[in-house]
Structures are given as structure tokens and as C-alpha cells.
Amino acid sequence: MKPIILLPIALLLTVAACNQPQNTNTTSQISTTTSADSGVFFANLKNGDTVKSPVIVQMGVKGKTVAPMGTMDATKGHHHLIVDGNYVEKGQMVMKDSTHLHFGKGQTVDTLKLAPGTHTLTLQFADGAHMSYGKDWSSTIIIVVKQ
5 MKPIILLPIA LLLTVAACNQ PQNTNTTSQI STTTSADSGV FFANLKNGDT VKSPVIVQMG
65 VKGKTVAPMG TMDATKGHHH LIVDGNYVEK GQMVMKDSTH LHFGKGQTVD TLKLAPGTHT
125 LTLQFADGAH MSYGKDWSST IIIVVKQ
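Offset between the sequence shown (1-based) and this note's numbering: plus 4.
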């Protein structure tokens with residue numbers, strides 16, 4: 005009789021475990037887009053990768069089209085890569101400096117020279133005037149660069 009009682013309990017525990025969130029990453033810097041149908045992504049890198057410098061970064065987008073800067077259309081934009089920084093709030097201009105890299109010609113691939121160590125890469129999509137589409141159009145990963 006005990007095995008019959010334990011079976012329903014085991015089944016309930018299994019169902020409960022399947023309904024728990026599967027993301028066990030506790031790093032608050034990691035962010036990804038909220039929709040599987042739209043957003044930006046790293047096509048060749050994933051969170052936690054160990055790589056050598058120079059690092060090839062392939063950038064992708066779903067739900068909008070890559071276009072050169074100056075193209076003012078809500079369905080278009082271009083990539084920005086923020087090295088060791090966070091996403092840019094929606095409607096704010098993406099700065100241009102040594103850590104905020106602009107791909108205003110519509111580029112989707114770049115090669116980065118990064119020092120050995122841990123680096124945060126944030127891909128940010130923005131409009132033709134470099135105004136950010138916000139967190140939903142950003143993706144952040146952490147990579148480790150070995151010598």
C-alpha cells in the first residue's frame with residue numbers, strides 16, 4: 005500500500021519541479037530580451053564562454069531590420085556594443101566612447117581586442133539617431149578572455 009501512496013506524491017513533486025523557473029543564473033547583470041519573437045542576440049557567443057582575444061562578435065536581431073544610421077523608421081535600427089557596461093534606457097542616446105561601440109553602417113560582425121579577464125558585453129539596438137530601443141532590445145553576456 006505504501007508504494008501506491010508514494011507514487012502520487014512523487015508525481016506531484018515532479019510536476020512542481022517542472023513548473024519552477026529553470027534559470028539558475030543569479031548574476032544581476034545578465035539580461036536578455038523578453039520575447040522569443042523579437043530582440044537582439046549574440047549569434048556566436050553565449051553567457052559564460054571562455055575565448056581568446058581578438059574576439060569575433062556576431063550580432064543578430066529578430067523583429068526589426070538592420071539599417072545604417074540616419075534611417076529613421078521604427079522597424080529599423082543598428083547595433084551598439086557596450087563593453088563592461090549595461091543597456092541604455094529606452095529613448096536615451098547611446099554614447100560614443102571607448103566602451104560604447106557603434107555599428108552605424110549596419111555592420112553585424114566585429115572583432116574586439118579585449119584584455120585577459122572577465123568582461124561584460126551588452127548588445128544594444130537603437131534607431132537611426134542612436135536613440136536606444138531600451139532593455140527589451142538589449143542582451144548582456146559575461147565572457148572570460150584567456151591569454
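No residue lacks a Cβ here, since even glycine has one placed at the ideal position from N, Cα and C.
query                                                                                                                            : result
Going by C-alpha distance, which of P58, Q111, F45 and A47 is nearest Q151?                                                      : P58
How about T124 and D88: are their beta carbons less than 7 Å apart?                                                              : yes
Using DSSP with H/G/I as helix, E/B as strand and the rest coil, what is D114?                                                   : strand
My understanding is that T112 touches G81, with C-beta atoms under 8 Å, so please give their C-beta distance in whole angstroms. : That belief does not hold up - the Cβ atoms of T112 and G81 are roughly 12 Å apart, past 8 Å.
Once DSSP output is grouped into helix, strand and coil, what is the label at K56?                                               : strand
Per DSSP, what are the beta-bridge partners of A46 in this structure?                                                            : Residue identity check: residue 46 is Phe in the sequence provided, not Ala. DSSP, once it has assigned bridges, lists M63 as partnering F46.
Do you know whose CA, among G74, D53, V44 and A47, lies nearest K109's CA?                                                       : G74
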